[in-house]
Each structure stands twice: as structure tokens, then as C-alpha cells.
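Quick note on numbering: the sequence shown equals residues -8 to 146 in the numbering used here. C-beta: ideal position from N, C-alpha, C; glycine also. Only a predicted model underlies this, so the values are computations on that prediction, with no experimental measurement involved. Here is the structure we will look at.
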Amino acid sequence: MMVTEFHQVIVLSADKSQQEVWDLQAGEECRLDLVSPHGARWSAMGGDLFEALENVRLQIEPLGYLLLCNGARVDAHPSGMSRDMSGGRTLYLLEKKGVARKHVFIFDHADPTVVGTVAEQREFYEAWLRIPRRYRLTDRARAAALELWSRWRDR
């Protein structure tokens, strides 16, 4: 059973001149409710919180709004295991070399320079998947050691 979570996210206006704090509620069955300070409300569901956030973003993007959170970063995406284990709350930051090492929380603040639309995020992820990966054994060992180190450091 999922506990209802309450978060505040900063939203960038259509003309990128204003930022407002909006309320975000993550509830049962991966449902998100986004409420503006003016009382406008958008709701969406998904198979996990990442998909639900995408669906909310698809509703507000035509109005010119962008969420300033890690879930809206162009270079952020959950792994399959992250989706299963955290319900899409934990995302990887995808590096241009085809590596994903750093974990971030979906609703934490992100700088306006790194967020984008759902389409831009999907395009980046598809391009990232096409990056050739040639791992030597030492690369895998280094990646595993870095992963263990980051988990230990972040606990």
C-alpha cells in the first residue's frame, strides 16, 4: 500500500520569466495531482510515478509550463529495476558516454537549464540507448566500485 506523499515543485512559466511553487500530491495507484497557486488542477496516473509525472507534464506543456524537478530533466530516466523497486521515484542521470551512475529523486529541484519537454526527454533517452557500449572488464569493475561508493556515501 502506497502512502500519500506531498511535495512542492517549482514551475517555470511559458515565457520563462516567472517561477511559481505548485503543490504535487503522489497518491494511491501511482496517481499524481498537480495544483497551481491559482487553483488549477491536473491529475494523471501511470504504471509508476515516472510515467504518471510524464502524463501530468503532457497536460501542462501545451500551456507552456515546465516542471523544475529531476523527473523533467532531459537526461534523467529510471531503470527497469528502479521502476520496480522504487515505483519510479529514483532516476539515473544519463551521461553522454552511455553510462548511468548517479541516482536522483524524481521530485527534487532541477535547474531550468537541464529540464525539457517529455518529447525532448524521450528523444535524449532513445539516443542514449543507441550509444555503443564497449566495456572492458576493468570498466565494469570500476563502475561497480563507483556504484558501491555512491550508495555508501549517500546513505
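(1) Mapping DSSP to helix, strand and coil, what is residue 0?
(2) Determine the burial state of residue 66: buried for a count of at least 16 other Cβ atoms within 10 Å of its Cβ, exposed for fewer.
(3) Do residue 2 and residue 14 count as a contact pair if the criterion is CB distance below 7 angstroms?
(4) Bridge partners for residue 14 per DSSP, in chain order?
(5) Under 8 angstroms Cβ to Cβ from residue 146, same chain only, skipping five residues before and after it: list those, please.
(6) Rounded to whole angstroms, what's the CA-CA distance from residue 132 to residue 138? Just pull it up for me.
(7) Whose CA, out of 122, 48 and 113, lies closest to the CA of residue 87?
(8) Only counting runs of 3 or more residues, tell me where the beta strand (DSSP E) segments fall wholly within the region 73 to 104, in order along the chain.
(9) Okay, do the region 69 to 78 and the region 108 to 120 touch, 3+ Cβ pairs below 8 angstroms being the bar?
(10) Given that a residue counts as buried once 16 or more other Cβ atoms are within 10 Å of its Cβ, and exposed if not, what is residue 112?
Let me spell this out:
(1) strand
(2) buried
(3) no
(4) -1 and 26
(5) none
(6) 10 angstroms
(7) 122
(8) 81 to 85 and 91 to 96
(9) no
(10) buried
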